[in-house]
Every structure is written in C-alpha cells, then in structure tokens.
C-alpha cells in the first residue's frame, strides 16, 4: 500500500521540496485562468478529500516512521475549504506531528473573502505559517484578460489580511504575461501592488504553455505575442526599478526564467538591476 492516495498530477512550490505533500483537495476551485493548465485533466475536478481519509494517511505515516518536518496542503487552493474543515485538518496534523516546523498552502485571494483576520490568526497559531499567492499581475485590465477573477484591489486586500494575521506571503508575478502591448502597465501595476503589500517573499517566472497557447491568446483577440528575452529583461528592469520594498526576499530562478536573480529588496535592488542591465546588453 502506498501511504498517500494522490490524484495526480500533484504540484507544489519549488521551496516545498522537503515537505510532505498532503492532498486535502483535488484540483482548483476556480480553474479558469487561461495561462494555467495544471488542473485541466478530467480526474482533477475540484473536490475536498474526506477528513477520514486524511486522518488515515497521517496515521499511516506515523506508524511507519516517515520523517515529516513540514507539510504543504495541496492542491491548488486548500484555503477554499471552510474554517471548520481547515481547523480539523490542522488539528490532525498537530496530533500526529506535534514538532512540525510549519504548514503551508497555495492561496487564491478570493479564498479569504469569507475568512476574517481572527480566523487566519487561529490557523497561524495552529501552524499554518505561509501562503503562496499567485497574483500574476497587479494590473486589473490584464487580470481580466487572463480570467484571473481578481483585481489589484482584491489581491491587495488579501495580502494585507494575510500580513495582519501574522502569516507570511510568497507572491508570484508572471514576467511577460501581457506581451509587449501590456508590458509597461503590467510592470508598473505589479510594482505598486508589491509596494503596498510588502510581502515576505516575491518571485517571478515566465508563462509556459505545454498544452498550447490558443486558449490563453484568445483572451487577447490576437493581440498578444511571446516576448523576446530582451523584452522580458526590459520588463523585469522596469518592475525592479519601481519596487520599494523594505525587506522582501526576491527570487527569479524558476526553470522558465532566462536570467537567475536573487537578493533581498531593497538591500540588493541596485545590484540586481545592474545584472539585468548587463543581460540586456548581452542579448541586444
């Protein structure tokens, strides 16, 4: 018997590679974003996993001495579950792994509409320490074109609520998401969103379309093209130039990125911008 009954494929953030991937839901409750093909398979229709099944999986891990120090709640947006169910899951995790370092999860901004700051604080006290928030962009127009179902305001409201509850946020922005036409407004609005939210972590990656880009491009009525490396670097330069972050760990080291950038913003802002400038010169 395999200890965990996964409905594949299962995804996680790169930084959770040491974590137990605990699948508490299947798929994504929204699943309309045109840039995302993660949960399009027929077997990935959104459904919460029964609490009895989660209990059995955790019990099996303990009985068989599986080393668990961190837990990541999968799939796409476990935080869409009710507070009652989330508390039940956290209670089970703490029961079986009382010395856990942390629990983490993806989180769509809309997931927090029916959760108060006190709700989130309660989850934080139970060990839920970080949310991975795919904002993608701060530009409301671009978010509409990709059917994200969010706005600058809804993303900011969620990020502020997370921070006030004492939970860390790791935000993702998609470099090149809007193509050349929307590049400037995408970079500027994304920088403003981050400046107001001040997340603990910020990462960028470049959109990829392993199943084809037709569905994504249809939202732009033919007015989108993939950006060149030079254009991507120029957009990244504009983003970094306009970021005013106090102490945010920045990473642009996903496999999709053409340039690896790492640092703390704002301490390393000038160095990172200089690295981007050098890259622009080399590809021009």
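In this note's numbering, the protein residues as written are 409 to 692.
Beta carbons: idealized from backbone N, C-alpha and C, even for Gly.
Please read these numbers as outputs of a predicted model, since none were measured by experiment.
*Classify residue 471 as helix, strand or coil using the three-state DSSP reduction.*
helix
*Backbone CA spacing between residue 352 and residue 553 [nearest angstrom]*: Nothing about residue 352 can be reported from this structure: the residues present for the chain run from 409 to 692 only.
*Could you tell me which of 677, 667, 418, 458 sits nearest to residue 702, measuring between CA atoms?*
Residue 702 falls outside the range modelled here, since the chain spans only 409 to 692, and no answer is possible.
_Alpha carbon of residue 652 to alpha carbon of residue 466, nearest angstrom_ = 42 Å
*Which runs of the alpha helix (DSSP H) spanning at least 4 residues fall entirely within the region 549-632, listed in chain order?*
560-572, 587-605, 622-626
*Whether residue 615 touches residue 582 by CB criterion (7 Å)*: yes
*Provide the residue(s) that pair with residue 501 in DSSP beta bridges, ordered along the chain.*
According to DSSP, residue 501 bridges with nothing at all.
*Looking at the unbroken beta strand (DSSP E) that takes in residue 512, where does it start and where does it end?*
510-514
*asked:* Given a cut-off of 7 Å on the beta-carbon distance, is the pair residue 530 and residue 441 in contact?
replied: no
*Which class does residue 544 belong to by DSSP, given the choice of helix, strand or coil?*
strand
_Neighbour-count burial assignment, residue 474, 16 or more Cβ in a 10 Å radius_ = exposed
_Quick check: what's the CA-CA separation for residue 527 versus residue 490?_
10 Å
*asked:* Which residue wins for smallest C-alpha separation from residue 463, given the options 500, 436, 478, 487?
replied: 500
*asked:* If distances are taken between C-alpha atoms only, which option among 627, 486, 596 comes closest to residue 650?
replied: 596
*Would the region 602-612 and the region 625-640 be scored as touching if the rule is three or more Cβ pairs under 8 Å?*
no
*Touching or not, the region 468-488 and the region 641-650, by the rule of three or more beta carbon pairs under 8 Å?*
no
*Identity of the residue in 498, 513, 419 nearest residue 507 by Cα*: 498
*Report the option in 496, 459, 520 whose CA atom is closest to the CA atom of residue 488.*
520
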